[in-house]
Amino acid sequence: MTLPATQPHDSSADLHPLIASGNVVVLTGAGCSTESGIPDYRGPGRTGPPRTPILHDAFLRRPEVRQRYWARATLGWARFSAAEPNRAHRAIAALERAGFLAGVITQNVDRLHQRAGSHNVIELHGALAEVHCLDCRALHPRDEVHLRLLEANPSWLGRTTTAAPDGDSELEADLVESFRVVSCRDCGGPLKPNVVFFGGNVAPAIVASSYSLVESASALLVVGSSLQVFSGYRFVRRAHERGLPVAILNQGPTRGDALATLRLDAQAGEVLKMLVDRLGLID
């Protein structure tokens, strides 16, 4: 006897009642952007030991750390900046347009939410598209700084590298020593991407705005974050403390699983695209 084929479970059906209630806040992490070709730090499929990120204090204090960052990031920027919003970003933007979302809080630094059409986006960790001077605090477009770096290192892009999280790339240490770092056009000070490195603090105003958005919401949906970093986890904890439903859509376990009302272990883009279709929206 031949048994009928079993249809895969549609996780969007589980998520539908929470989203349909409206006024939902979405908290996104790196897993929301992996379909766009941007690697994450902890997601499924990553091999080898955990990658050591750039540390905030080390970047501020040590010129050789800044040289290492800019050498590697100059190789990674072309690939990173060319990434396009994926179906998860487009679905989230469609949900906002339709009035189901109050806003997005993102741990990502790629601005793919905005490029997909989301408007109310809080960037917890800043954005790589901006660079600021550590001395005079002037802001510079990353594309402009990138061109200056290429002028100072004309053959740099000829190297073959492997993409790493947050626009970084793998590069042998001996090559870094030959890289020339550029300075602020206004004052000659050292430049830093306008992002929060590991060990740095999110600006108090950004934290306050995020808390306010969560506290006024009907529910919190986490998409593509393991919540290992406290800067995102604290909002799950706050939502739970206030009795708000918390749904987590992520491949693999998260720090917030014990606080979740609904836990979906699935690919973000697939589930959110099905949810948008279920709601009759156009992404």
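Every number in this note's numbering is 70 more than the matching position in the sequence shown, counting from 1. Think of the CB as a built atom: it goes at the ideal place given N, C-alpha and C, for glycine as much as any other residue. Just so it is clear, the structure is predicted and the values come from calculations on it, not from any experiment.
Beta carbon of residue i nearer than 8 Å to that of residue j
i, j, result
"Leu345", "Leu85", "yes"
"Leu319", "Leu334", "yes"
"Gly99", "Asn178", "yes"
"Ile34", "Ser288", "One cannot answer for residue 34 here, as it falls past the ends of the chain, which runs 71 to 353."
"Ala153", "Ile108", "yes"
"Pro263", "Leu198", "yes"
"Gly196", "Val135", "no"
"Val246", "Leu219", "no"
"Ala336", "Ser91", "no"
"Gly169", "Gln321", "no"
"Val306", "Val292", "yes"
"Leu283", "Val95", "yes"
"His216", "Trp147", "yes"
Chain-order list of residues whose beta-carbon lies under 7 Å from that of residue i (same chain, five-residue window excluded)
i, result
"Leu125", "Phe267, Phe268, Gly269"
"Leu182", "Ser103, Ser106, Ala153, Pro155, His159"
"Asn93", "Ala172, Ala287, Ser288"
"Asp127", "Gly269"
"Thr72", "Reliability fails at Thr72, whose pLDDT of 40 lies under 50, so the model's placement of it is uncertain and no value is given."
Proximity winner among the options, relative to residue i (alpha-carbon distances)
i, options, result
"Leu145", "Gly169, Asp213, Val316", "Asp213"
"Gly384", "Pro224, Arg312, Ser103, Glu134", "Outside the shown range of the chain, which is 71 to 353, sits residue 384, and nothing can be said about it."
"Trp140", "Asp80, Ser91, Trp226, Asp180", "Trp226"
"Tyr281", "Phe300, Gly294, Pro263, Ala309", "Ala309"
"Asp244", "Gln137, Asp127, Arg348", "Gln137"
"Val299", "Ile276, Asn271, Ala148", "Asn271"
"Leu351", "Ala273, Val277, Arg325, Glu166", "Glu166"
"Ala273", "Val341, Leu194, Ala143, Pro133", "Leu194"
"Asp327", "Arg348, Val341, Ser295", "Ser295"
"His110", "Arg255, Asp180, Leu130, Cys254", "The sequence as given places Asp at residue 110; His does not occur at that position. Among Arg255, Asp180, Leu130, Cys254, the Cα nearest to that of Asp110 belongs to Asp180."
"Cys254", "Arg207, Pro123, Val341, Glu311", "Arg207"
"Gly228", "Pro323, Arg142, Gln184, Pro123", "Arg142"
Where residue i falls, given that 16 or more other Cβ within 10 Å makes a residue buried
i, result
"His189", "exposed"
"Gly302", "buried"
"Ile175", "buried"
"Gly313", "exposed"
"Ala161", "buried"
"Leu32", "The structure shown does not extend to residue 32, since the chain is modelled only from 71 through 353, so no value can be given for it."
"Ala275", "exposed"
"Arg132", "exposed"
Span of the beta strand (DSSP E) around residue i
i, result
"Leu319", "316-319"
"Ala309", "Element bounds for Ala309: not the beta strand (DSSP E) but the alpha helix (DSSP H), 300-311."
"Val96", "94-98"
Same chain, Cβ closer than 8 Å to residue i, five either side skipped, listed in chain order
i, result
"Leu332", "Asp84, Leu85, Leu88, Pro315, Val316, Ala317, Ile318"
"Glu200", "Leu209, His210, Pro211, Arg212, Pro263, Asn264"
"Asp61", "With the chain covering 71 to 353 only, the question about residue 61 has no answer from this structure."
"Thr117", "In this predicted model, Thr117 has a pLDDT of only 48, less than 50, meaning its place in the structure is not dependable enough to derive any value."
Residues near residue i by beta carbon distance below 6 Å, same chain, minus five either side
i, result
"Arg250", "Ala222, Asn223"
"Gly187", "Ala163"
"Asp205", "Cys257, Gly259"
"Arg325", "Leu297, Gln298, Tyr303"
"Leu349", "none"
Residue i - containing alpha helix (DSSP H), residue span
i, result
"Leu165", "157-167"
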